[in-house]
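Here is the structure we will look at.
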Amino acid sequence: MTSQIFKPSRRDALLLGLGTAVASTGLLRATTSLAQQSFQWGSSSIGSTGYVIMEGLASTVNRHTDLQNASMATSGGTENMQLFHEGVIQFGQTTSTDWLPASRGEAPYPQPITVHQMFAYTLFNCTPMVRADSDIQTLDDLKGRRCMPSPAGSSTATMWRVLFEAAGIKDEVEWTYGSWRESYDALRGGAVDCIPSLLTNGRPSPIMSELATTVPVRILPIPDEVMKKARALNPGISRGIIPAGAAGLKEETGAASFSGVLGASPNVSEEHAYQVIKAVFDNAEEVRNLGVQFKDIAIDFAAEYLVAGFPIHKGAARYFKEKGVWRDDMVQG
Numbered sequence: 001m002t003s004q005i006f007k008p009s010r011r012d013a014l015l016l017g018l019g020t021a022v023a024s025t026g027l028l029r030a031t032t033s034l035a036q037q038s039f040q041w042g043s044s045s046i047g048s049t050g051y052v053i054m055e056g057l058a059s060t061v062n063r064h065t066d067l068q069n070a071s072m073a074t075s076g077g078t079e080n081m082q083l084f085h086e087g088v089i090q091f092g093q094t095t096s097t098d099w100l101p102a103s104r105g106e107a108p109y110p111q112p113i114t115v116h117q118m119f120a121y122t123l124f125n126c127t128p129m130v131r132a133d134s135d136i137q138t139l140d141d142l143k144g145r146r147c148m149p150s151p152a153g154s155s156t157a158t159m160w161r162v163l164f165e166a167a168g169i170k171d172e173v174e175w176t177y178g179s180w181r182e183s184y185d186a187l188r189g190g191a192v193d194c195i196p197s198l199l200t201n202g203r204p205s206p207i208m209s210e211l212a213t214t215v216p217v218r219i220l221p222i223p224d225e226v227m228k229k230a231r232a233l234n235p236g237i238s239r240g241i242i243p244a245g246a247a248g249l250k251e252e253t254g255a256a257s258f259s260g261v262l263g264a265s266p267n268v269s270e271e272h273a274y275q276v277i278k279a280v281f282d283n284a285e286e287v288r289n290l291g292v293q294f295k296d297i298a299i300d301f302a303a304e305y306l307v308a309g310f311p312i313h314k315g316a317a318r319y320f321k322e323k324g325v326w327r328d329d330m331v332q333g
């Protein structure tokens, strides 16, 4: 079941037809010209962790290169994959759960999409979360309940559909969608029963910390067999750890997670891609000081958490080789 408690937007229309949704943004295409060394970055919904990270990375590249970079709000990684295909963006947030369905042209994508990886920048913990006083104790208890996995075009929504399919409840919950702010406000107000946690590698995002100060929350356990089935459906899903004390949680908790990966259009030149990754990691300490969302910006993390088997942009590959973190199992685009 699916309901919409907030006014649908172009982002929410993604699953109903990505091509149609993006076609309505023709004006955005005119804002970018590779010949002018000007690049559009796709981020996520305004105020979300992904939005903040893309803004920070694009600004860092602007400070340390002659390239012109601008970040635009989107629904997140799932929509960004289609925006790459349409030529709207040249860099953008993706997550490890986006790459397999995008490369195969599986739902919600109308055709196969080719994007190259730049670097990983964090591990998102976006696992099902309820109010601490809720009677919901397990994933199975979500049957018939209102679940709001952020925008319909987000990577979190993509992961939740896979996770809930693995748990056998995908068609038995009441789906509704909205921005991260709308999702968190909805749980606070009792309008929905379950939303995603939002942490970066165990560190609560500001919006999650804000919620936890007024409404105690609880993470639902993910059984090992469910996680195994989910990973078989999409290898980009992983199990992360949320430490005890994070956002008021009483004990260490396993969490459905995925890595955040900066994607790049294959049309971006090797030199320009090299300048982008060099600007970020030659100034890694400066980037980490931008906020808690950037604490995983380190060259070893950047290479380790890329999506196995998918091409890495040749400009990024060049930088990884210079820094000694390139591996034989990596694939150069």
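Under full-length UniProt numbering, think of the first position of the sequence shown as 1, with each following residue one higher.
Idealized CB from N, CA, C, for every residue including glycine.
A distance of 8 Å or more separates the beta carbons of L57 and V268. Comparing alpha carbon positions, the residue from T138, G92, Q111 closest to N80 is G92. CA-to-CA, the gap between D185 and D328 works out to about 46 Å. For M118, the enclosing beta strand (DSSP E) begins and ends at 116-125. Across the set M227, V192, G248, G202, the C-alpha of G248 shows the shortest separation from the C-alpha of T214. The shortest CA-to-CA distance from K229 to any of P151, E165, I136 is the one to E165. If the five residues before and after D300 are omitted, its C-beta is found closer than 8 Å to the C-beta atoms of V325, all from its own chain and listed in chain order. With fewer than 16 other CB atoms across the displayed protein chains lying within 10 angstroms of its CB, T138 is exposed.
Leaving aside the five residues that flank L306 on each side, the residues in its chain whose CB is nearer than 8 Å to its CB run, in chain order, Q117, F119, A120, S259, V261, I312, M330.
Positions of the alpha helix (DSSP H) runs, each at least 4 residues long and wholly inside the segment 193-238, are given as 206-214, 224-233 in order along the chain. In the structure shown, the three-state DSSP call for V52 is helix. Using a C-beta cut-off of 8 Å, the segment 38-55 makes contact with the segment 86-106, since at least three inter-stretch Cβ pairs fall below that distance. Shown here, W180 sits in a helix according to DSSP, grouped into three states. The shortest CA-to-CA distance from L123 to any of Y319, N234, Q293, G315 is the one to Q293.
According to the DSSP assignment, S71 belongs to the beta strand (DSSP E) that extends over 68-72.
DSSP places T95 inside the beta strand (DSSP E), whose first and last residues are 91-95. If you look at T253, you'll find it in the beta strand (DSSP E) that goes 253-264. Relative to the Cα of R188, the nearest Cα in the group G291, E210, V173 belongs to E210. Contact annotation: T114 and P266 have beta-carbon atoms nearer than 8 Å.
Taken through DSSP and simplified to helix, strand or coil, S38 comes out as strand. Below 8 Å, enough C-beta pairs join the segment 155-164 and the segment 229-242 to call them touching: three or more.
Distance from the Cα of S38 is smallest, within the candidate group G77, G47, S59, V52, for S59.
Per DSSP, the unbroken alpha helix (DSSP H) holding M81 starts and ends at 77-86. If you draw a straight line from the Cα of G333 to the Cα of I297, it is about 23 Å long.
Counting of Cβ neighbours within 10 angstroms places D98 among the buried residues, the total reaching 16 or more.
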